[in-house]
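In my numbering, the protein residues as written are 3 to 317.
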């Protein structure tokens, strides 16, 4: 996958102390703490360890130079949330990702496609980029996102998948296929929702089967809805699928499900915008992989946080 990450800072070679934040249940073949620490330490880093399933994982000592997140998108978000709210630290620590989840959309958007051995070895000649963070105002409290937020069929997919029992020993590929199959079914039945938007200064109003404000190229079961998205550029890619375009979305997901496509099918357009104002009466909104319930008509403003989060990428 091509990446559009052009603005970066050189890796500080004095960054030798890492804290590994590990989701031991992520992915189909969960890595053990011993395996991960051995890999990291064999590459010359001092490695502290905490499981994100244990209380107190958020405690980060002053000696720590950067964080390593071993898990999926949900674990990356969990650590990012702590970074954004951490007390007594003037600057957030760089985050390095070891992708261990099912979708790994954030890691793939950042171009992390190698093995764990290759990724860790690459940190010595790595670079730090600023990952811009989406910010939502107008809800009960301000919310942030790394991947995207939206309404329509995608929140329905998240809720439906969480209600389904995961098959024992299901592989990553099987999990993604199940999600695509479920999404394809939902596209055919989900009621379009009326919304009004202002994208910077342009007005839009219609009934939408899917409406997504994206900071990541990929969403959910590796849907490449925004191939031009660059999480460094402070521009969202807004994907609007109207009732009339429902068949095109259905064909795209079906082709992905059958292994026939890797990109955005017959190219429904994404609109770039630095600020989004949204008025809706929908019941549900998703923020990354979480779904929140809305109580009546809702007006929200989506923009960017003033400062991004530093991520360490291998060189």
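Ideal Cβ placement from N, Cα and C applies to all residues, glycine included.
I need the straight-line Cα distance from residue i to residue j, nearest angstrom please.
i	j	result
residue 296	residue 286	6 angstroms
residue 316	residue 214	30 angstroms
residue 81	residue 71	8 angstroms
residue 276	residue 156	22 angstroms
residue 301	residue 280	6 angstroms
residue 248	residue 189	7 angstroms
residue 288	residue 42	35 angstroms
residue 62	residue 25	17 angstroms
residue 127	residue 204	43 angstroms
residue 107	residue 64	30 angstroms
residue 261	residue 202	37 angstroms
residue 235	residue 123	27 angstroms
residue 206	residue 299	17 angstroms
Tell whether a beta-carbon distance below 8 angstroms holds between residue i and residue j.
i	j	result
residue 21	residue 69	yes
residue 59	residue 314	no
residue 74	residue 113	no
residue 140	residue 147	no
residue 28	residue 51	no
residue 273	residue 138	no
residue 23	residue 54	yes
residue 226	residue 282	no
residue 210	residue 244	yes
With DSSP as the reference, label residue i as helix, strand or coil.
i	result
residue 196	strand
residue 19	strand
residue 316	coil
residue 184	helix
residue 301	strand
residue 202	coil
residue 228	coil
residue 137	strand
residue 307	coil
residue 53	strand
residue 244	strand
residue 237	coil
residue 277	coil
Taking all protein chains shown into account, do 16 or more other C-beta atoms lie within 10 angstroms of the C-beta of residue i, making it buried, or fewer, making it exposed?
i	result
residue 239	buried
residue 222	buried
residue 158	buried
residue 96	buried
residue 312	buried
residue 291	buried
Kindly examine the ligand GTP and report whether one of its heavy atoms sits closer than 7 angstroms to the Cβ of residue i.
i	result
residue 66	Absence of the ligand GTP from the depicted structure is noted, as is the absence of any ligand whatsoever, leaving it without description.
### Message
Taking contact to mean 3 or more Cβ pairs, one atom from each stretch, closer than 8 angstroms, check whether the region 142 to 161 and the region 206 to 220 are in contact.
### Response
With the cut-off at 8 angstroms, the region 142 to 161 and the region 206 to 220 touch.
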